[in-house]
Ligand SMILES: [Zn+2]
């Protein structure tokens, strides 16, 4: 269980200011809960990723999970042969951007469980998304370099990257 300091001490203004940008608020928790749910829709046997794009009024614009393109058959081979899978799977973040019914410029993307990869970071930048929010969970070694590259280019391009403490569920 993670308690915010405001919860423990009451509504002390100093603590609110101190915690701003650190603790996960009610809406951030909701969007991560949704991203986690959407991730379970993926048929990828080894990694399930979910992304939720919201606008500046906290309205959900699009969701996405990693999977084969619409209409492409998800055969055992395509989902289980790693080299083939990597060539075919559309990542959650790219799916959320590509299937959005309207422009996502100026929006925020919540991604579960990790940072976007460098390719998705490029798509995020090009789409005009202004902020990426992820939880601070340990990154598998094989992804570390790529995630660092993604974070570098996002920051370089002026996309804010918020890494929040994991919310206990
Ligand atoms: Zn990606």
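Residue numbers (our numbering): 28 to 196.
Every residue gets a Cβ at the ideal spot worked out from N, C-alpha and C, and that includes glycine.
Taking Cβ positions, are residue 54 and residue 100 nearer each other than 7 Å? No, the Cβ-Cβ distance between residue 54 and residue 100 is not below 7 Å.
Just the C-alpha distance for residue 70 and residue 187, rounded to the nearest angstrom, thanks. C-alpha separation (whole angstroms): 30 Å.
Please give the ranges of any beta strand (DSSP E) in the segment 89-144, keeping only runs that are unbroken, at least 3 residues long and fully inside the region. Unbroken beta strand (DSSP E) stretches of 3 residues or longer found wholly inside the segment 89-144: 135-139, given in chain order.
For residue 160: DSSP bridge partner residues: Under DSSP, the beta-bridge partners assigned to residue 160 are 137 and 189.
What did DSSP end up calling residue 29 once you bin it into helix, strand or coil? Reliability fails at residue 29, whose pLDDT of 38 lies under 50, so the model's placement of it is uncertain and the value that follows must be treated cautiously. Coil.
Taking residue 80 as part of the beta strand (DSSP E), name the residues at either end of that continuous run. Segment 77-81, the beta strand (DSSP E) holding residue 80.
Could you check if residue 167 belongs to the surroundings of ligand 1, using beta carbon to heavy atom distance under 6 Å? For ligand 1, not one heavy atom lies less than 6 Å from the Cβ of residue 167.
Just to confirm, is the Cβ distance from residue 148 to residue 181 under 7 Å? One thing to note: residue 148 has its Cβ within 7 Å of the Cβ of residue 181.
Residue 87, DSSP secondary structure in three states: Secondary structure of residue 87 (DSSP, three-state): strand.
Between residue 143 and residue 152, how many whole angstroms is the CB-CB distance? I'm expecting something under 8 Å. Residue 143 to residue 152, Cβ: 10 Å. No contact.
Kindly examine ligand 1 and report whether one of its heavy atoms sits closer than 6 Å to the Cβ of residue 146. Checking the 6 Å criterion, the Cβ of residue 146 is within range of a heavy atom belonging to ligand 1.
May I ask you to check if the CB of residue 96 is nearer than 6 Å to at least one heavy atom of ligand 2? Inclusion of ligand 2 in the displayed structure is not the case, the ligand content consisting of ligand 1 alone.
Assuming residue 138 and residue 154 are in contact, meaning their beta carbons sit under 8 Å apart, how far apart are those beta carbons, in whole angstroms? Their Cβ separation, rounded to whole angstroms, is 13 Å, which puts residue 138 and residue 154 out of contact at 8 Å.
By the three-class DSSP mapping on this structure, what secondary structure does residue 149 have? In the displayed model, residue 149 falls within a helix according to three-state DSSP.
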